Amino acid sequence: MHLTRQVLRNLPTPYGGYDISWKRQMYKRLAWHFFGRRRTCFRIQIRTVERALRNSTFSGSARKEFFKELNTTRLEAACSEHGVIYKEFLKTLDENDVQINKTMLEKLAIYEPRTFQSLCDMSIQYQKDNEIYTKNSVTPYGELTRGLQKPML
Amino acid sequence: MANNRVLQWATFARTWWIFDANHQCHIKSAKRIALYLQGKHKPIYHPLSDIGDHVVVINTAGISMRNDFWRKWKYNHHTGYAGGHSVTSAWRLHELDQTKVVEKSVYATLPGNLLRRRMMRRLHLFTDDNVPDDILQNVTDQIRQVTVVPRLIQEYTQEELDAMPKLFDWPDDYEIEFKRRKEDDEIKKYLK
Amino acid sequence: MSGGSIPSNFLKNVLNNGIGRYVCQMKRVTFKFCKQRNDSQGTRDFIENHLLDFTNAHPGVVVYIQPRNNRPSKIVAEYLNGRSEGIATTKMPQEEICQWLEHLRTRSGAEIVRLRKNHHTDNPSTQGVWHPFTNKDTSLNLAKFPDNDSYKVPSTVSTTDRLLEMGRKLRQEKLSEKS
Amino acid sequence: MSASIRSGLKVVCFRKLLIPLQQVPSRCYKKGLSKDLRIQYKSRLTVGPEPDRHRSEFINWNYDSEVYSFGKRLGEDLNDDILKKVFLHRSYIEREKKKIQELGIAVGTSGLDVDHNEQLAKSGEQLASNYVLIYLRNAFPNYFEEGIRSIHEYLMSEDVLCNIGRHLGIPELIMCDDFPLRESTIVTTLMAFIGALEQEKGKERAHLFVRDFILPQLIGKDINEMWNVVNPMGLLTAVLHFQKRGLPEPRLLWEGASSTLMSVYHIGIYSDQKLIGKAPGETAQIAEEMAARDALKRLCQTQESRPALLLGKLSENLKLDEKKVNISAKDIIEQFSPKESTASTSSKSIFGIFKGNHSLNKV
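Residue numbers (the UniProt record's numbering), protein chains in the order written: chain S, 1 to 153; chain L, 1 to 192; chain V, 1 to 179; chain R, 1 to 363.
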């Protein structure tokens with residue numbers, strides 16, 4: 001056993017003297033969750049890992065944009081179900097000093113629908129009191145806005 | 001566990017909507033239908049979770065296009081073989097199949113990803129009012145129309161028509177009806 | 001490191017610790033150091049000056065000292081959930097060792113890994129999670145569809161009617177001027 | 001181009017190897033290390049995993065200090081010999097006696113007359129289960145006795161108690177002969193600790209220990225699922241009859257996609273025109289059954305939105321009256337024997353589901 005180990009240690013290394021297996025281990029550690037030969041074969045693996053590393057450079061900002069857009073879609077949907085336009089809803093919350101940020105609003109819309117409903121009712125009442133005319137009297141999903149609708153002259 | 005299963009079933013349930021496309025602009029109505037097909041009207045929306053709803057569109061025959069788009073709006077087709085490209089104008093396509101105009105505009109509005117075909121299968125198009133019962137039974141709510149339905153000329157009473165201010169009157173023997181264009185052999189082939 | 005390859009986990013508590021009573025999760029700590037080497041100097045100073053204060057302050061933690069010749073100095077902490085954490089303290093001054101010991105003591109023993117969400121709840125909703133019918137009235141049950149007139153665009157005065165109105169008004173003014 | 005150069009290089013090196021078999025090892029050990037590691041890894045696989053060793057076999061282990069800090073860690077300052085007694089099992093004593101007999105020393109002088117922890121475990125178990133029952137009856141005053149029993153059975157079940165024991169560091173300190181430990185030994189040791197607490201510090205302290213360690217395991221668990229009610233609608237009719245209220249009538253609140261596979265039904269149960277419970281379901285029957293369960297939850301105040309259990313600091317000056325008795329579901333059902341009931345029983349009412357328009361849909 002000792003002899004074979006001695007021979008194995010001194011086998012020639014093609015890459016100019018340093019041991020390539022450490023580098024392969026590092027790439028393998030980055031590709032444990034890939035599919036098929038991308039997980040096992042180094043020459044295929046290296047392309048996908050470097051693509052993944054490139055993607056991770058701009059994934060930070062892409063993540064933020066995605067969740068911001070998702071948040072607005074969800075809140076627009078929730079507001080329109082109660083007949084309130086999303087922009088007017090946010091303005092009402094600001095003017096009434098209701099300091100709930102958008103992520104919490106989204107959680108309320110999904111997990112505490114009655115609380116969100118009362119926020120929307122407050123917004124409708126506020127629009128009525130301050131004669132805020134909702135420009136189009138229908139939300140993007142077709143629900144009637146129950147704020148004040150300016151009669152077409 | 002049964003409780004959580006049932007609550008999850010209700011939250012992700014697919015509801016059926018109905019939309020009356022009579023005298024509605026085909027682009028605006030497509031935009032609104034596409035939102036419902038994607039499920040963007042739900043606070044639990046996520047592009048990966050396929051929670052779109054079914055939409056039953058009735059009166060697609062009555063769809064409307066602005067100005068003279070019936071003549072100018074062209075649909076391109078291609079059979080995939082060499083020289084297989086063909087162009088059809090809207091009126092001809094509408095005469096061949098009265099649901100196609102709505103279907104194509106919704107298909108164009110939906111995001112072009114793998115879910116689009118699946119969402120299109122949840123779009124049920126009917127040329128007029130009668131919808132089979134098992135589909136109508138599923139419908140739980142209706143989507144509001146997109147454009148104001150204009151008051152048709154037939155709906156004006158004779159007195160209102162007379163009271164309408166006029167500059168001059170047509171001579172009696174003048175034929176009001178547009179000249180019917182000559183019957184096209186091509187269409188006859190399809191319509192048979 | 002791309003996001004997918006970094007291990008991640010959800011927030012978890014050991015045995016709802018802290019709700020009934022807080023139990024220090026570190027049950028045992030071992031100081032391994034060498035008597036001669038100078039990179040264990042920090043650990044040796046720590047043992048001389050701070051170790052007794054630590055043991056008096058925290059009787060719930062068993063402390064072991066393991067001198068090993070020519071080995072790098074290390075702190076190994078064992079936790080109640082069966083995991084153990086080690087920190088290499090070579091060339092570390094005694095103050096830093098105190099801080100690391102404090103870090104080890106106040107941990108829950110779980111692996112420090114990227115958290116998918118920094119909060120956890122077993123019943124997220126008290127008013128009932130949203131479902132497509134929460135904001136709808138039960139009268140929907142009886143409604144017959146397609147019910148066309150209540151889903152039209154809210155009717156407004158059309159332009160032809162407004163023109164007719166203006167025309168009528170002008171004619172009246174003319175008549176009143178004449179008379 | 002580069003491939004050809006590299007292949008050329010390989011040939012050159014290979015010729016170099018053949019001449020001196022015994023090469024002067026180069027100073028940097030990195031060259032063959034990964035190959036060595038791979039060989040070691042392969043041999044490790046053939047040998048198999050490390051055998052489980054008892055923690056006491058390692059060098060950094062001192063039983064007395066471990067036992068001392070175990071007490072201190074939980075905030076109970078019991079003296080050492082009672083703590084050691086808690087961890088001493090009968091099997092350990094018998095094994096030691098056998099060993100001594102083999103060595104031929106008289107048994108009396110071996111100092112093994114210390115008794116084991118069975119007696120403590122029995123009293124600890126008794127105290128813990130009583131206290132859990134009393135606490136649950138006071139925490140859920142309107143809940144049925146059977147429900148309370150099912151929660152108690154869950155809490156005092158072997159895997160929950162064993163999990164608690166494992167996470168308090170008990171298994172390493174146990175003196176008994178079987179290794180790896182059986183779950184029952186860990187549970188008896190935990191109970192023995194409670195018994196010791198009761199013996200040394202009194203009942204109050206032992207109750208506090210149970211309230212701080214066993215009861216928090218209820219957090220996040222759905223207590224209604226622990227008691228399997230086979231016919232919730234029947235039980236609901238019995239309860240409403242017992243409370244002299246109108247019999248439950250299931251009504252369809254909403255219905256979606258009913259002619260497809262993905263149908264959803266929301267059924268609400270009314271008694272005297274008041275909505276007492278509602279639930280969704282894949283079919284009308286499932287929805288009705290779940291609505292009955294929901295109604296029962298609201299009647300017994302064990303629904304998800306109930307106030308949290310009073311534990312830890314909140315329960316400092318908690319007064320629990322021992323004598324509290326909860327109504328038993330069996331008595332209610334016996335009172336409401338089927339002979340008396342004229343109204344349609346639960347099964348009939350399903351077919352009589354009316355599409356009712358009840359604007360009050362918020363419970």
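All C-beta atoms in this analysis are idealised placements derived from N, C-alpha and C, irrespective of residue type, glycine included.
Quantities reported herein were computed from a predicted structural model and do not represent experimental measurements.
Under a Cβ-count criterion, where at least 16 other Cβ atoms within 10 Å of its own Cβ denotes burial, should residue i be classed as buried or exposed?
i, result
"TRP22 (chain S)", "exposed"
"HIS120 (chain V)", "exposed"
"SER305 (chain R)", "exposed"
"ILE19 (chain V)", "buried"
"CYS41 (chain S)", "exposed"
"SER346 (chain R)", "Confidence at SER346 (chain R) is low in this model, with a pLDDT of 41, below 50, so its placement is unreliable and the value that follows should be read with caution. Buried: at least 16 other Cβ atoms inside 10 Å."
"GLY124 (chain R)", "buried"
"VAL146 (chain L)", "buried"
"ASP212 (chain R)", "buried"
"ARG51 (chain S)", "exposed"
"PHE179 (chain R)", "exposed"
"LYS179 (chain L)", "Reliability of the predicted coordinates at LYS179 (chain L) is poor, the pLDDT of 47 falling under 50, and the value obtained from them is presented with this limitation in mind. That one is exposed."
"residue 244 (chain L)", "For chain L, the structure presents residues 1 to 192; residue 244 (chain L) sits outside this window and is missing."
"ALA163 (chain L)", "exposed"
"ASN141 (chain V)", "buried"
"LYS42 (chain L)", "buried"
"TRP170 (chain L)", "exposed"
"GLY86 (chain V)", "exposed"
"SER123 (chain S)", "buried"
Please decide whether residue i counts as near chain V, where near means a Cβ-Cβ distance under 9 Å.
i, result
"LYS40 (chain L)", "no"
"PHE242 (chain R)", "no"
"SER34 (chain R)", "no"
"ILE18 (chain L)", "yes"
Keeping to the same chain, check which residues put their C-beta closer than 8 Å to that of residue i; ignore five residues upstream and five downstream.
i, result
"TYR63 (chain R)", "SER56 and LEU173"
Can you find a C-beta in chain L that's less than 9 Å from the C-beta of residue i?
i, result
"GLY4 (chain V)", "no"
"TYR64 (chain V)", "no"
"SER271 (chain R)", "no"
"LEU119 (chain S)", "no"
Between residue i and residue j, what straight-line distance do the alpha-carbon atoms span, to the nearest angstrom?
i, j, result
"GLN66 (chain V)", "CYS34 (chain V)", "9 Å"
"ILE20 (chain S)", "ARG71 (chain V)", "30 Å"
"THR115 (chain S)", "LEU108 (chain S)", "7 Å"
"ARG149 (chain R)", "LYS91 (chain V)", "59 Å"
"ASP53 (chain L)", "ASP272 (chain R)", "36 Å"
"ASP81 (chain R)", "ILE170 (chain R)", "16 Å"
"GLN149 (chain S)", "ALA62 (chain S)", "38 Å"
"GLU165 (chain V)", "TYR151 (chain V)", "27 Å"
"GLN243 (chain R)", "LEU299 (chain R)", "11 Å"
"GLY277 (chain R)", "ASP122 (chain V)", "22 Å"
Using C-beta distances below 7 Å, list every residue in its chain close to residue i, excluding the 5 sequence neighbours before and after it, in chain order.
i, result
"LYS102 (chain S)", "ASN71 and LEU75"
"ALA287 (chain R)", "TYR265, HIS266, ILE267, ALA279, PRO280 and GLY281"
"VAL138 (chain S)", "LEU144 and THR145"
"LEU9 (chain R)", "Unreliable placement is indicated for LEU9 (chain R), whose pLDDT of 48 sits below 50; the coordinate value is still reported in the next sentence. The answer is none, since no qualifying residue turns up."
"LYS84 (chain R)", "VAL67"
Does residue i get closer than 9 Å to chain S when you measure Cβ to Cβ?
i, result
"THR126 (chain V)", "yes"
"VAL146 (chain L)", "yes"
"MET1 (chain V)", "yes"
Could you tell me whether the Cβ of residue i comes closer than 9 Å to any Cβ of chain R?
i, result
"TRP32 (chain S)", "no"
"LEU80 (chain V)", "yes"
"SER137 (chain S)", "no"
"GLY167 (chain V)", "no"
Here's a check: name, in chain order, each residue in its chain whose Cβ is nearer than 6 Å to the Cβ of residue i, leaving out the five neighbours to either side.
i, result
"residue 368 (chain R)", "Because chain R spans 1 through 363 in this model, residue 368 (chain R) falls outside it and cannot be assessed."
"ARG293 (chain R)", "PRO232"
Applying a beta-carbon distance threshold of less than 7 Å, which residues of chain B neighbour residue i?
i, result
"ARG74 (chain S)", "The chain labelled as chain B is not found among the protein chains of the depicted structure, namely S, L, V and R."
Indicate, with yes or no, if the ligand COA has a heavy atom lying under 8 Å from the CB of residue i.
i, result
"ILE93 (chain R)", "Annotation note on the ligand COA: not contained in the displayed structure, which lists no ligands."
Next item on the list: Please list the residues of the segment 7-39 of chain V that have a C-beta atom closer than 7 Å to any C-beta atom in chain R, keeping them in chain order.
Entry: Those would be VAL14, LEU15, ASN16, ILE19, GLY20, ARG21, VAL23, CYS24, LYS27 and THR30, in chain order.
Checklist line | Cβ-based contacts, 7 Å cut-off: residues of the segment 132-151 of chain V near chain S | finding: Close to chain S, meaning a Cβ-Cβ distance shorter than 7 Å, are the following residues of the segment 132-151 of chain V: THR134 and ASN135.
Margin query: Tell me which residues of the segment 101-117 of chain S have at least one Cβ-Cβ distance to chain V shorter than 9 Å, keeping chain order.
Written below: Listed by position along the chain: LYS107, ALA109, ILE110, TYR111, GLU112, PRO113, ARG114, THR115, PHE116 and GLN117.
Checklist line | Contact set between the segment 35-62 of chain S and chain V, restricted to residues whose Cβ is under 8 Å from the partner | finding: Within the segment 35-62 of chain S, the qualifying residues are VAL49, ALA52, LEU53, ASN55, SER56 and SER59.
Check: Which residues, in chain order, does the segment 101-130 of chain V contribute to contact with chain S at a C-beta distance below 8 Å?
Finding: From the segment 101-130 of chain V, only PRO124, SER125, THR126, GLN127, GLY128, VAL129 and TRP130 have a Cβ closer than 8 Å to chain S.
Item checked: Cβ-based contacts, 9 Å cut-off: residues of the segment 58-72 of chain R near chain V -> Answer set for the segment 58-72 of chain R: ILE59, ASN60, TRP61, ASN62, SER65, GLU66, TYR68, SER69, PHE70, GLY71 and LYS72.
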